[in-house]
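In mature numbering (1 follows the signal peptide of the UniProt record, and there is no 0), the protein residues as written are -24 to -1, 1 to 248.
Take a look at the structure set out below.
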């Protein structure tokens, strides 16, 4: 009987380990070199003559308007991955993004690692954030970027159900750290900058070192000049080759019958 109990325990623990591994397996895509080599679409590789410019963690009334001013001055559009809670606090700024010609995408509701959330909670998180984007800006987002760039299997499933395409990045500025400077942000981004890449920056310090956005803002004009100096254009993901699927950015419609409008497992509609 004791031996049988041990065998049962071993089977249960083994099954739990397999489930945990399956849950976390997509997280390996957060490893930059591996991601670019094996999952170029997920890394954001696209048109070799284009660089996708993306910003995470906004919209933030303290900082995002300054980025909009610089981008307008240089006549460049970008993709902003929004947090639902930030958008709820600054809906007018969210609308200002799209009115200015920028693309908006889903970063989540809170800035949480998706490995720590189960399937139902993951779906609710993405659906709630997507709902905020649709209702606030009137556009249906195409892209999803998980916090920390860490994907889980439930996040991949939820994104697929909601019609979102996960996309990470090829270059980042490490601009969230306390030690970052405008010079270090620029140097880190341009170290391996090439056509077809996707650049990750932050237009808010809501999850970063205080005032870190100021260093990013200071680096932005030089980064845009660096892109032009390489004979490349900078713009949003929608202008990247990877986005040429024929799917249009349509205004939100009431009464949609798509899966993202159906009740989830807890019986709640995500878009209410």
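Idealized CB from N, CA, C, for every residue including glycine.
### Query
Is the region 149 to 163 touching the region 119 to 128 in the sense that three or more CB pairs, one from each, lie closer than 8 Å?
At 8 Å Cβ cutoff, the stretches do not touch.
#### Entry: residue 210 in three-state terms, based on DSSP
In the chain shown, the residue the question calls residue 210 occupies position 234. In this structure, residue 210 counts as strand in the three-state DSSP scheme.
### Proximity winner among 110, 39, 96 and 174, relative to residue 82 (alpha-carbon distances)
Taking the chain shown and counting its residues from 1, one reaches residue 82 at position 106. Selected option, being the one with the closest Cα: 110.
#### Entry: Cβ neighbour criterion (16 or more within 10 Å) applied to residue 168
Within the chain shown, the letter at position 192 stands for residue 168. Counting Cβ neighbours within 10 Å, residue 168 comes out exposed, since fewer than 16 surround it.
### Task
May I ask you to report which of helix, strand or coil DSSP gives residue 189?
For the purposes of this step, residue 189 is identified with residue 213 of the chain shown, where counting begins at 1. Three-state DSSP puts residue 189 in a helix.
### Local Cβ density within 10 Å of residue 1, reported as buried at 16 or more and exposed below that
To locate residue 1, count along the chain shown from 1; it is residue 25. Confidence at residue 1 is low in this model, with a pLDDT of 37, below 50, so its placement is unreliable and the value that follows should be read with caution. By the 10 Å Cβ count, residue 1 comes out exposed.
### Simplified DSSP state of residue 28, which is helix, strand or coil
Here residue 28 refers to the residue found at position 52 of the chain shown. Note: residue 28 maps to strand in three-state DSSP.
### Task
For residue 212, count neighbouring C-beta atoms within 10 Å of its own C-beta (all shown protein chains included) and say buried if the count is 16 or more, exposed if not.
Start at 1 with the first residue of the chain shown, and residue 212 comes out as number 236. With 16 or more other Cβ atoms within 10 Å, it is buried.
#### Entry: Three or more C-beta pairs below 8 Å linking the region 60 to 71 and the region 188 to 195
no
### Task
Pull up the distance between the alpha-carbon of residue 105 and that of residue 162, whole angstroms please.
As a first step, residue 105 is located in the chain shown; it is residue number 129 there, counting from the start. As a first step, residue 162 is located in the chain shown; it is residue number 186 there, counting from the start. Cα-Cα distance, rounded: 30 Å.
### Task
Decide if residue 5 is buried, meaning its Cβ has at least 16 other Cβ atoms within 10 Å, or exposed.
Within the chain shown, residue 5 is the residue found at index 29, counting from 1. Residue confidence for residue 5 is low, a pLDDT of 40 falling below 50, so the modelled location carries little weight; the figure read from the coordinates is stated next. By the 10 Å Cβ count, residue 5 comes out buried.
### Message
Just to check my reading of the structure: residue 80 and residue 117 have Cβ atoms closer than 8 Å, yes? What is that Cβ distance to the nearest angstrom?
### Response
On the chain shown, position 104 is the one that residue 80 refers to. On the chain shown, position 141 is the one that residue 117 refers to. Going by Cβ atoms, the distance from residue 80 to residue 117 rounds to 6 Å, so yes, they are a contact pair.
### Query
Beta carbon of residue 144: closer than 8 Å to some heavy atom of the ligand GDP?
Although the ligand GDP was asked about, the structure shown includes no ligands whatsoever.
### Task
For the alpha helix (DSSP H) containing residue 112, list its first residue and its last residue.
Walking along the chain shown from the start, residue 112 turns up at place 136. Its alpha helix (DSSP H) spans residues 95 to 113.
### Query
Using DSSP with H/G/I as helix, E/B as strand and the rest coil, what is residue 143?
For this step, residue 143 is matched to residue 167 along the chain shown. Three-state result, residue 143: coil.
#### Entry: Distance, residue 94 Cα to residue 103 Cα
Start at 1 with the first residue of the chain shown, and residue 103 comes out as number 127. Start at 1 with the first residue of the chain shown, and residue 94 comes out as number 118. Residue 103 and residue 94: Cα-Cα distance of roughly 14 Å.
### Message
My output table needs one value for residue 223: the three-state DSSP class, helix, strand or coil.
### Response
What you label residue 223 is simply residue 247 of the chain shown in a count that begins at 1. Unreliable positioning characterises residue 223 in this predicted model, as indicated by a pLDDT of 39, which lies under 50. A coordinate reading is not provided.
#### Entry: Where the beta strand (DSSP E) containing residue 84 begins and where it ends
Working through the chain shown from its first residue, we reach residue 84 at position 108. Here the beta strand (DSSP E) through residue 84 covers 79 to 84.
### Message
If you measure between the beta carbons of residue 78 and residue 39, is that distance less than 9 Å?
### Response
Position 102 of the chain shown holds residue 78. Position 63 of the chain shown holds residue 39. No.
### Query
Nearest CA to the CA of residue 172: which residue from 214, 136, 137 and 184?
Numbered from its first residue, the chain shown carries residue 172 at position 196. Comparing Cα-Cα distances from residue 172 to each of 214, 136, 137 and 184, the minimum goes to 214.
### Message
If you reduce the DSSP assignment to three classes, tell me which class residue 45 lands in.
### Response
Looking up residue 45 in the chain shown gives position 69. Residue state, collapsed to three classes: helix.
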